[in-house]
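Trainee:
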Amino acid sequence: MSKSRRTQSVGDRARPLDHQSAHEIQAFGHISRRPNALSEKAARQSVDNLNQVLADTITLRDLYKKHHWQLSGPTFYQLHLLFDKHYEEQNDLVDTLAERIQTLGGVSLAMAPDVAETTLIPRPPRGREEVPVQISRLLHAHEIVLEEAHSMARQAAEAGDDGTNDLLVSDVIRTNEKEVWFISEHLVDVPLVKAD
Ligand SMILES: [Fe+2]
1234 MSKSRRTQSV GDRARPLDHQ SAHEIQAFGH ISRRPNALSE KAARQSVDNL
1284 NQVLADTITL RDLYKKHHWQ LSGPTFYQLH LLFDKHYEEQ NDLVDTLAER
1334 IQTLGGVSLA MAPDVAETTL IPRPPRGREE VPVQISRLLH AHEIVLEEAH
1384 SMARQAAEAG DDGTNDLLVS DVIRTNEKEV WFISEHLVDV PLVKAD
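Per the working numbering, residue 1234 is the first one in the sequence shown, and the count goes up by one each step.
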């Protein structure tokens, strides 16, 4: 091989093979069976349910960040920090839910337009809202997640999918219940300085 040919071939090997495309390897909604001792029916039901909770959890997570940024008023600092803490906790749930879906052989939702089409949480306005409205919106979103998580946890247990049941109860339900406690206390109308 000549010196110039050798130089060329080394250069070609280093060139990134970008702009590639091909068919999907697994369509959304299709279950890729795994040897996990679960029936395809049970896996499919859990994947469908988990994708719904995933879409709603992504939306709730993003609602926390919106309110973390757009907050105003005398409770700004404490709620700014609390909303971000809950954002991080919801973000951890998002990853746990998506990886459970993949574990079961399903395909997790991921991108914003797909999440927007799927979520049951009402779309908030782009503009800023008062703190009591922000918190009411968050509580409504939490309740949507909790209602579906309770019902889906029962379905998973009945189908023998103990892992999904455990995730929904131990992670989704417990995290959401605790966050509901923390933010709902901010809507209790008690005097700040002088007792009634
Ligand atoms: Fe921030």
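Here a beta-carbon is modelled for each residue, glycine too, at the ideal position from N, C-alpha and C. Just so it is clear, the structure is predicted and the values come from calculations on it, not from any experiment.
Can you give me the C-alpha to C-alpha distance between H1263 and V1364, rounded to a whole angstrom?
Mentor: Approximately 42 Å, taken between the alpha carbons.
Trainee: Any residue with its C-beta under 6 Å from a non-hydrogen atom of ligand 1 counts. Can you list them all in chain order?
Mentor: Cβ-based neighbours of ligand 1 within the cut-off: H1301, D1317.
Trainee: With burial defined as no fewer than 16 other Cβ atoms inside 10 Å of the residue's Cβ, what is the status of R1294: buried or exposed?
Mentor: buried
Trainee: Which residues in the same chain have their Cβ closer than 8 Å to the Cβ of Y1297, if we skip the five residues on either side of it in sequence?
Mentor: F1316, D1317, H1319, Y1320, Q1323, L1371
Trainee: Got a sec? Which residues, its chain only, sit under 6 Å from I1368 by beta carbon, not counting five neighbours each side?
Mentor: The residues are I1416, H1419, L1420.
Trainee: How long is the line joining the alpha carbons of H1375 and P1355, rounded to whole angstroms?
Mentor: 12 Å
Trainee: Going by beta carbon distance, what residues of the same chain come within less than 8 Å of S1384, once the five residues before and after it are set aside?
Mentor: Nothing listed; no residue qualifies.
Trainee: Quick one: what does DSSP say T1351 is sitting in, helix, strand or coil?
Mentor: In this structure, T1351 counts as helix in the three-state DSSP scheme.
Trainee: Which value, in whole angstroms, describes the spacing of the CA atoms of L1379 and T1351?
Mentor: 17 Å
Trainee: For R1266 and G1339, which I take to be in contact (beta-carbon distance under 8 Å), what is that distance rounded to the nearest angstrom?
Mentor: Rounded, the Cβ-Cβ distance is 11 Å, inconsistent with contact.
Trainee: Out of curiosity, what's the CA-to-CA distance linking D1429 and D1404?
Mentor: Roughly 40 Å between the two C-alpha positions.
Trainee: For R1407, count neighbouring Cβ atoms within 10 angstroms of its own Cβ and tell me buried if that reaches 16, exposed if not.
Mentor: exposed
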